[in-house]
Structure formats: structure tokens, C-alpha cells
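Peer 1: Okay, handing you the structure first.
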Amino acid sequence: MIVLTICTEYNKGKIDVSVKPEQRIRDVLDILNDNSALTLEVPPEGISVRSWRQKTYVNPYLTFKQAGIRHGDRLTVM
Numbered sequence: 315m316i317v318l319t320i321c322t323e324y325n326k327g328k329i330d331v332s333v334k335p336e337q338r339i340r341d342v343l344d345i346l347n348d349n350s351a352l353t354l355e356v357p358p359e360g361i362s363v364r365s366w367r368q369k370t371y372v373n374p375y376l377t378f379k380q381a382g383i384r385h386g387d388r389l390t391v392m
């Protein structure tokens with residue numbers, strides 16, 4: 315399991331989550347949004363995800379493992 319923080323742009327929303335490395339980033343974001351745990355204010359097709367640790371944007375359709383997301387990272391969704 316990977317424990318990380320997911321924030322919305324400008325830290326309006328923030329949540330710590332545990333995910334499996336094999337899960338797609340987009341699927342986790344959709345689940346959090348559907349359950350009102352994190353409110354995404356952008357349309358699904360226009361979502362951008364930035365890794366704090368890598369200091370770069372990651373493809374939300376990759377798994378956490380494929381994107382190189384590790385324990386303790388912080389993802390900002392824009």
C-alpha cells in the first residue's frame with residue numbers, strides 16, 4: 315500500500331489516502347469525488363495531476379506504480 319496526500323488546486327481540499335500501486339490514479343480520484351471525500355472542480359477530461367515529489371505532471375490514466383508515485387508523495391489535482 316502507498317500512503318499519500320491528494321490536494322485540489324490551491325489546497326482547497328486535502329485528503330490522506332492509502333492506495334494499491336496497481337490502481338489507476340484517475341479511478342481513485344473518481345471514487346473520492348463520487349463519495350464527496352474530495353471535490354474536483356474541473357471536468358473529467360480536463361484534469362491535470364502534479365506530483366510534489368517529482369515536480370512534474372503525471373498521466374492520471376497510469377497506475378500509481380507506472381507513474382512513479384511513492385509512499386509520502388503529494389498529488390495536486392488541477
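Numbering (the numbering used here), first residue to last: 315 to 392.
We treat Cβ as the ideally placed atom computed from N, Cα and C, and that holds for glycine.
1. Let me check understanding here. Comparing Cα to Cα, which of Arg338, Val363, Ile339 lies closest to Thr390?
2. May I ask which residues mark the beginning and end of the beta strand (DSSP E) holding Ile339?
3. Excluding the 5 residues flanking Leu346 on each side, which residues of the same chain have their C-beta closer than 6 Å to its C-beta?
4. Let me check one thing: in DSSP terms, what residues is Tyr371 bridge-paired to?
5. Taking the alpha-carbon of Asp341 as reference, which of Ile329, Val331, Pro374, Arg367 has the nearest alpha-carbon?
Peer 2: Reading off the structure:
1. Val363
2. DSSP places Ile339 outside any beta strand (DSSP E); the residue lies instead in the alpha helix (DSSP H), whose first and last residues are 339 to 348.
3. Beyond the five residues adjoining it in sequence on each side, Leu346 comes within less than 6 Å, by CB distance, of Leu352 in the same chain, given in chain order.
4. Arg364
5. Pro374
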